[in-house]
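Numbered by mature numbering (1 follows the signal peptide of the UniProt record, and there is no 0), the letters in the sequence shown go through residues -30 to -1, 1 to 364 in order. Ideal Cβ placement from N, Cα and C applies to all residues, glycine included. If you're wondering where the values come from, they're calculated on a predicted model, not measured in any experiment.
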Amino acid sequence: MISLSMKKTLGLVLSLTILMAMMFIRESRRSDYTGEDVNVHNFFAALLGNKSAITGGSGKVVDSGPDDHIFIYYTDHGGPGVLGMPTFPYLYADDLIDVLKKKHASGTYKSMVFYLEACESGSIFEGLLPQGLNIYATTASNAEESSWGTYCPGEYPSPPPEYETCLGDLYSVAWMEDSDMHNLRTETLHQQYELVKKRTINGNSAYGSHVMQYGDVGLSKDSLFAYLGTNPANDNFTFVDENSLVPPTKAVNQRDADLVHFWYKYRKAPEGSVRKTEAQKQFVEAMSHRMHIDHSVKLIGKLLFGIERGLEVLNTVRPAGQPLVDDWKCLKKMVRTFETHCGSLAQYGMKHMRSLANICNAGIQTEQMAEASAQACVSVPTGRWSSLQKGFSA
Ligand SMILES: *[C@@H]1O[C@H](CO)[C@@H](O)[C@H](O)[C@H]1NC(C)=O
Ligand SMILES: *[C@@H]1O[C@H](CO)[C@@H](O)[C@H](O)[C@H]1NC(C)=O
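See the structure below:
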């Protein structure tokens, strides 16, 4: 097993039940890649088993053969067509699919299961992951909705008081806790998918998302054991549908998890402390970055398509089964153009990826985009929101 520590900047993306074990992994040298070494280049090299392409980290790769089953669990922030990384650039759906095709062509696995937690995670595979690669993927949300954080401060169950952050994500805790509770030799991927779907929709409340499946769905008749192994203590359990469902909890839109953190940090810090001032500053900065990004994207839409049609074009969602964008190179160019003039999209700004994709789908040229961006963003942001200093998302 290789562990790329792709934890979110905030929030330990973990099931409470395995929290201690995972903390140990994070703290010890058992993470093969951490910090700057967790990047798209290394992720792809590791997956392809290309040791010579790796830079930094332990150098461990997925050295698999034709009879192997591969399990990938990826969790981070995301947006339409894009997955977050602790480093820049982010991971784009087209590049991931290309690497999966390459891996398949190299004949170095029998079947692969990909569990993905991120906002709009369905967009990573929707209209993109073909059948026949022997890959079965499930995602925390469909292509156009956010996914949800859970075990947040103020919820029941709540994290220990010293954590001012959500400890889990709804889809992730659903599959992890389900795996804790069942005999993985007899539970199938499909059975787990059904249970995780039911839990993650959260009673159809506003605090839930639609778990999706893509690729070779037929593989879901396999037992989880082939991909996850087993806990011998569970070997005598018989599968019962109901035993994995816990009462619905409230949840926090993943995109707001950072605000929740700053808010709790602020509330708990003693009056007049440095910590309180710092939390307030972080909260205000995050809010003003959000407003700046939202406002700039909207304004660019109006400049390109007119006051009337601007928002409509930006917000268009293509029919299910179609990829987000036809020309991914164009999307990446649009991201860079936007960030050159308006600053980093950063974690929150990934939500606007669909708008940038729609700008490509409407046939806008890079030069037009550059002009509109320059008009919309009169001064280029500096410091932590500057892409020129920190790197581009694409
Ligand atoms: C491995 O990576 C190196 C460096 O990026 C590249 O030159 C080589 O072609 C790769 N090998 C394979 C088998 O893909
Ligand atoms: C499972 O059942 C067998 C037969 O009854 C028993 O010998 C074994 O100890 C049980 N395993 C566990 C982990 O409880």
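Assigned with DSSP and collapsed to three states, Met55 falls in coil, not helix or strand. Our two residues, Lys321 and Gly48, have alpha carbons roughly 7 Å apart in a direct line. Here the alpha carbons of Arg225 and Ala327 stand approximately 20 Å from one another.
Within the model, the alpha-carbon separation for Thr108 versus Ser325 is close to 25 Å. Ser81: member of the beta strand (DSSP E) spanning Ser81 to Glu87, first to last residue.
One residue after another in chain order, those with a Cβ under 5 Å from a heavy atom of ligand 1 are Asn20 and Ala23.
DSSP, reduced to helix, strand and coil, places Phe41 within a strand of the structure shown. Closest in C-alpha terms to Glu157, from the list Gln250, Met182 and Tyr197, comes Tyr197.
With contact defined as three or more Cβ pairs closer than 8 Å, the stretch 224 to 238 and the stretch 249 to 266 are in contact.
DSSP places Gly276 within a helical segment (H, G or I) once states are collapsed to three. In chain order, Asp2 place their CB closer than 6 Å to the CB of Ser28, counting only its own chain and leaving out the 5 sequence neighbours on each side. Tyr126 counts as exposed, since fewer than 16 other C-beta atoms from the protein chains shown sit within 10 angstroms of its C-beta. Contact between the stretch 108 to 120 and the stretch 132 to 146 is established, with three or more Cβ pairs separated by less than 8 Å. Residue environment: His152 is assigned as buried (16 or more neighbouring CB atoms within 10 Å of its CB, all protein chains considered). For Ala227, the enclosing alpha helix (DSSP H) begins and ends at Ala227 to Lys238.
Where Met182 is concerned, the enclosing beta strand (DSSP E) starts and stops at Met182 to Gly185. For the 8 Å CB-CB criterion, Ile105 and Asp186 form a contact.
If the five residues before and after Leu61 are omitted, its C-beta is found closer than 8 Å to the C-beta atoms of Val10, Phe13, Val52, Leu53, Gly54 and Met55, all from its own chain and listed in chain order. When the five nearest sequence neighbours on each side are left out, the beta carbons in the same chain lying within less than 7 Å of the beta carbon of Tyr43 are those of Tyr85, in order along the chain.
About 7 Å separates the Cβ atoms of Arg155 and Asp205, confirming a contact at the 8 Å cut-off. With at least 16 other beta carbons inside 10 angstroms of its own, Lys73 counts as buried. Distance from the CA of Asp7 to the CA of Ile40, rounded to the nearest whole angstrom, comes to 22 Å.
Straight across, the Cα-Cα distance linking Ser266 with Val32 is about 42 Å. Our two residues, Leu269 and Thr286, have alpha carbons roughly 16 Å apart in a direct line.
DSSP places Trp298 inside the alpha helix (DSSP H), whose first and last residues are Trp298 to Cys312. The alpha-carbon separation between Phe209 and Asn223 amounts to approximately 32 Å. When secondary structure is reduced to three states using DSSP, Gly92 falls in the helix class. With a cutoff of 8 Å on beta-carbon distance, Thr307 and Ser357 are scored as not near each other. Under the 10 Å beta carbon count, Lys191 is surrounded by fewer than 16 other beta carbons and is classified as exposed. Residue state for Ile329 is assigned as helix, using DSSP reduced to three classes. Taking every protein chain shown into account, the CB of Gly77 has fewer than 16 other CB atoms within 10 angstroms, so this residue is exposed. Residue range Trp118 to Thr120 is occupied by the beta strand (DSSP E) that includes Gly119. Counting every other CB atom within 10 Å of its CB across the protein chains shown gives Val254 a total below 16, marking it as exposed. Contact between the stretch 170 to 187 and the stretch 85 to 97 is present: 3 or more CB-CB pairs across the two stretches fall below 8 Å. Per DSSP, reduced to three states, the secondary structure at Thr108 is strand.
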